[in-house]
Each structure stands twice: as structure tokens, then as C-alpha cells.
Amino acid sequence: MAYTICVIPGDGIGREVVPAAIEVLRATGLDLRFHFAEAGWACFQELGTALPDETVQAVREADATLFGAVSSPTGRRVEGYRSPIVALRRGFHLYANLRPARSWPLAGVRPGIDLLIVRENTEDLYVQQERLEGERAVAERVITRQASERVARAACRLAMGRRRKLTIVHKANILPLTCGLFRDTVRQVAGEFPGLEVEEVLVDAMAMRLIRDPESFDVIVTTNMFGDILSDEAAALCGGMGLAPSANLGDTAAVFEPVHGSAPDIAGKGIANPMAAILAASMMLSYLGEAEAAGWLVQGVETALRRRVMTPDLGGQASTAQVTAVIRETVEALAAGRERDALERPAGGGAGHTGETWWAAPYHELECAVGDGLVLEPLPAQGVPRPAAPGRRYVSNSSGDIFRRQAWL
66 MAYTICVIPG DGIGREVVPA AIEVLRATGL DLRFHFAEAG WACFQELGTA LPDETVQAVR
126 EADATLFGAV SSPTGRRVEG YRSPIVALRR GFHLYANLRP ARSWPLAGVR PGIDLLIVRE
186 NTEDLYVQQE RLEGERAVAE RVITRQASER VARAACRLAM GRRRKLTIVH KANILPLTCG
246 LFRDTVRQVA GEFPGLEVEE VLVDAMAMRL IRDPESFDVI VTTNMFGDIL SDEAAALCGG
306 MGLAPSANLG DTAAVFEPVH GSAPDIAGKG IANPMAAILA ASMMLSYLGE AEAAGWLVQG
366 VETALRRRVM TPDLGGQAST AQVTAVIRET VEALAAGRER DALERPAGGG AGHTGETWWA
426 APYHELECAV GDGLVLEPLP AQGVPRPAAP GRRYVSNSSG DIFRRQAWL
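Here our numbering is used: the sequence shown runs in plain steps of one and ends on residue 474.
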């Protein structure tokens with residue numbers, strides 16, 4: 066099946082990480098037809114609009130849109146300029162902003178995190194209704210039952226497909242009308258889903274619990290600004306913005322983007338982390354129904370991390386091109402059915418291994434045990450020969466994978 070993808074690189078490193086994501090997408094072998102369009106600050110300076118009509122039409126006609134990052138004038142108002150991503154969210158009623166956060170094989174990242182923040186995406190303080198009244202500035206916060214209900218329904222459906230737990234985050238004790246309306250609406254919708262566990266957490270308590278106990282959360286649903294802040298906090302727990310993708314979903318359109326900004330300080334240096342854009346592309350493939358190919362992209366990112374092929378933001382020394390190459394090669398091998406080639410080649414092209422030990426422990430605990438020169442490799446649970454030597458054990462995770470720890474020369 067052919068898919069039309071609108072591609073909006075935007076500004077800064079968006080013009081580096083989006084081409085990287087496209088390179089990896091091409092490696093899947095899917096029939097993806099890319100239509101490039103412009104938006105952002107540079108576009109505004111050249112054309113007088115940050116979101117041309119042609120771009121809006123391209124988004125409308127596409128099966129999905131891959132968006133990079135845009136720069137905005139900081140600390141000043143520029144007549145006629147409006148954030149293109151905010152305009153797309155409101156113009157296409159992209160009411161659900163999905164921001165996953167999960168543990169990755171990185172030093173300092175705690176194991177067991179696997180949560181999804183579902184953020185209402187079209188209203189709250191982000192309606193940008195501000196005005197000056199003499200010596201004071203006023204911003205309007207808009208919360209509607211309709212918007213709250215549709216994002217609540219999306220969050221409940223997602224939770225039912227995961228671990229069946231929903232956390233409602235609000236501040237209704239201080240904002241009883243706006244947050245109260247949101248909370249009550251989500252409660253009502255959640256009641257339509259038997260078997261769904263529902264809890265409520267005030268946003269300030271949530272900020273603390275997310276640091277102390279992130280493993281306890283599954284799907285978190287909240288209002289626009291709270292979700293924006295909490296999702297960045299969750300990203301920091303899992304490796305940072307370079308590993309944070311997001312999806313903007315509506316009933317007629319979908320836009321996928323890395324959470325990070327345009328990073329003008331590193332633009333053009335060839336060191337931008339492409340992983341968030343590639344993970345956003347993975348979310349896009351899942352949305353299109355290509356779950357297997359979406360998984361290949363995630364495995365590609367995991368492989369690069371395990372081999373320690375990382376850009377400087379993650380503590381590595383690799384370039385954008387080097388990281389992209391590892392992920393692309395992994396996806397190519399998986400698409401061709403060469404899983405062992407994709408997952409077992411050691412970092413740096415090592416010549417062999419000194420031995421292997423089979424561990425009975427959760428995957429992320431094994432990751433924490435990996436030291437210098439050691440790589441943890443996943444193997445499919447089916448078709449792997451069981452070693453006869455005593456003391457070698459297997460472990461399966463929730464995906465049915467077993468894991469081998471290898472020491473490479």
C-alpha cells in the first residue's frame with residue numbers, strides 16, 4: 066500500500082534530523098511518497114507567513130505529516146507571525162498530543178519506565194488570548210467539555226490497549242471551574258470503560274511523583290500546559306529531548322514530530338541527535354497500521370544506543386550521519402529478515418567474543434549491568450538453541466524476547 070507523507074523540515078536542526086528520519090523510513094521498503102513543504106521562521110522571513118496555504122493543503126491531502134522543528138522570535142511579538150505547529154494543531158483539530166516516555170539502555174536511566182502522556186492539544190492557556198490592561202497582562206484559560214471529552218476518550222482507549230491504568234492530572238482544588246470541568250469530564254468518560262483503573266493526582270504532586278515513582282504510571286491524561294511541562298520532565302528521566310517523540314492526532318489528520326526545538330546553537334554542525342525524529346517516524350508508521358516496520362525503527366534506535374553510537378547530547382561522539390547509518394543498517398537488515406545481522410554485530414566491528422552468559426533477570430536490569438566493552442543483545446524467543454552447559458539460564462520479557470550478554474574483544 067502506498068502512503069503520502071507530508072514532510073515539513075522547518076528550521077534549524079529540523080532540516081538535519083528530518084532527512085535522517087526519511088533515510089531510515091526508506092530502509093523499511095514501504096511505499097512512502099514524500100511531499101516536501103515549508104513552515105517556520107525562515108519561511109516567514111521569506112514569504113511573510115510561517116504556514117503557507119500550500120503547506121496546509123499538503124497536510125490536508127497527506128496520510129500523515131512528519132514535522133521537524135521551528136524557530137520563533139523570543140521575547141518579542143512579531144506582527145503576523147504565528148507558531149505553525151500551534152496553527153496546525155488548532156486548524157486540523159489535532160486534539161490529542163501523545164508523548165511516550167520509556168527506559169532506554171543508557172547510563173543513568175532507571176529501568177521500568179513505560180508511560181504515555183496524553184495532552185489536550187487545542188485549548189487551555191495555549192489559545193494565546195492575551196491582552197494588556199494598563200499595568201497588568203491577562204491571559205485567558207479556555208477549557209471546554211467537548212475538547213476534554215474527546216481527549217479523554219482517546220486516552221481511555223490507549224490505556225485499555227496497554228496496562229489499563231489511567232491517571233488524571235489537574236489542579237481542581239485551585240481552579241475548580243476549568244480544571245474541575247476537565248476532571249469531571251474525564252471521570253465520566255472513563256466510566257464507560259470497564260476494567261480501567263482510574264486515579265487522580267494534583268499537578269504539583271504529579272511533578273514530584275514522576276521523579277520518585279515513574280514506573281507506577283501507564284497513561285496520564287491532562288490539560289495542555291500541564292502536559293507540556295510534565296512530558297518534558299518525563300523525557301529528562303529517559304535520556305532527554307533527543308529521545309522524545311510525539312504525535313498530534315485528530316479525526317482527519319495526524320502530525321508527528323520530535324519534542325525538541327530547532328536548536329540554532331548546533332544547527333549545521335552535523336551533531337544533532339536524529340533519534341527523536343526517527344522515533345516520531347516510528348509513531349507515524351504505527352498510526353498508518355505498519356506496526357512491524359514501526360518496531361524496526363525502535364530496534365534501530367536501541368541498537369545504536371547499545372553500541373554507544375550516540376551524539377554529544379547523550380554523551381557520545383558520533384555525528385548525525387553516523388547515528389543515522391547504524392539505525393538505517395539495522396532497519397535494512399530487519400526488513401530483509403536478517404535479524405541476527407541487525408542485532409548481533411558488536412560495537413566498533415569487534416572481531417569476536419570471549420564468551421557468553423545467559424542471565425535470568427529483567428532486560429533493563431541487565432542493561433544496568435553492562436560495562437565497558439559489553440553489549441546486551443536481544444534474541445527472538447523462538448528458534449534459539451538452548452545451551453547445554455549448566456548454569457546458563459534464559460529470561461523472557463513481556464515481548465517474549467530472551468537476552469544474551471556478550472563480551473566482545
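Glycine is no exception: its CB is placed at the ideal position from the N, C-alpha and C atoms.
Please read these numbers as outputs of a predicted model, since none were measured by experiment.
Residue state for L295 is assigned as helix, using DSSP reduced to three classes. Assigned with DSSP and collapsed to three states, I182 falls in strand. Here P241 is exposed, its C-beta having fewer than 16 other C-beta atoms within 10 Å. Rounded to whole angstroms, the gap between the alpha carbons of L267 and A202 is 26 Å.
R184 sits buried, since 16 or more C-beta atoms from the chains shown fall within 10 Å of its C-beta. In this structure, L116 sits away from P138, with a CB-CB distance that is not shorter than 8 Å.
The region 101 to 118 makes no contact with the region 275 to 290, as fewer than three CB pairs between them are under 8 Å. Between T114 and D283, the alpha-carbon positions lie close to 40 Å from each other.
In the DSSP annotation of this structure, the continuous segment of the beta strand (DSSP E) that includes G75 starts and ends at 67 to 75. According to DSSP, I285 shares a beta bridge with I182, T232. The residue from V374, E367, P377 with its alpha-carbon nearest to that of V396 is E367. Shown here, L267 sits in a strand according to DSSP, grouped into three states. Per DSSP, G133 is one residue of the beta strand (DSSP E) stretching across 129 to 134. Just measuring C-alpha positions, the residue of S136, Y160, W106, A219 sitting nearest A318 is Y160. For the alpha helix (DSSP H) assignment, the uninterrupted runs of no fewer than 4 residues enclosed by the region 322 to 361 are, from N- to C-terminal side, 340 to 352. Per DSSP, the unbroken beta strand (DSSP E) holding E198 starts and ends at 195 to 198.
In the displayed model, S311 falls within a strand according to three-state DSSP. Secondary structure of L153 (DSSP, three-state): helix. Annotation for A400: A92, T93, G94, A358, W361 place their beta carbon closer than 8 Å to its own, counting only its chain and skipping 5 residues before and after. Its chain contains R373, V374, M375 as the residues whose beta carbon lies nearer than 7 Å to that of G381, once the 5 sequence neighbours on both sides are disregarded; these appear in chain order. When DSSP assignments are scanned along the region 68 to 123, the uninterrupted stretches of beta strand (DSSP E) that are 3 or more residues long and fall wholly within it turn out to be 96 to 101. Sequence-distant Cβ neighbours of L223 in its own chain, meaning closer than 6 Å and more than five residues away, are V284.
Counted as a single uninterrupted DSSP element, the alpha helix (DSSP H) harbouring R222 occupies residues 210 to 225. Put simply, the region 307 to 314 touches the region 331 to 349. At least three CB pairs are less than 8 Å apart.
Comparing alpha carbon positions, the residue from G75, P170, T69 closest to W106 is G75.
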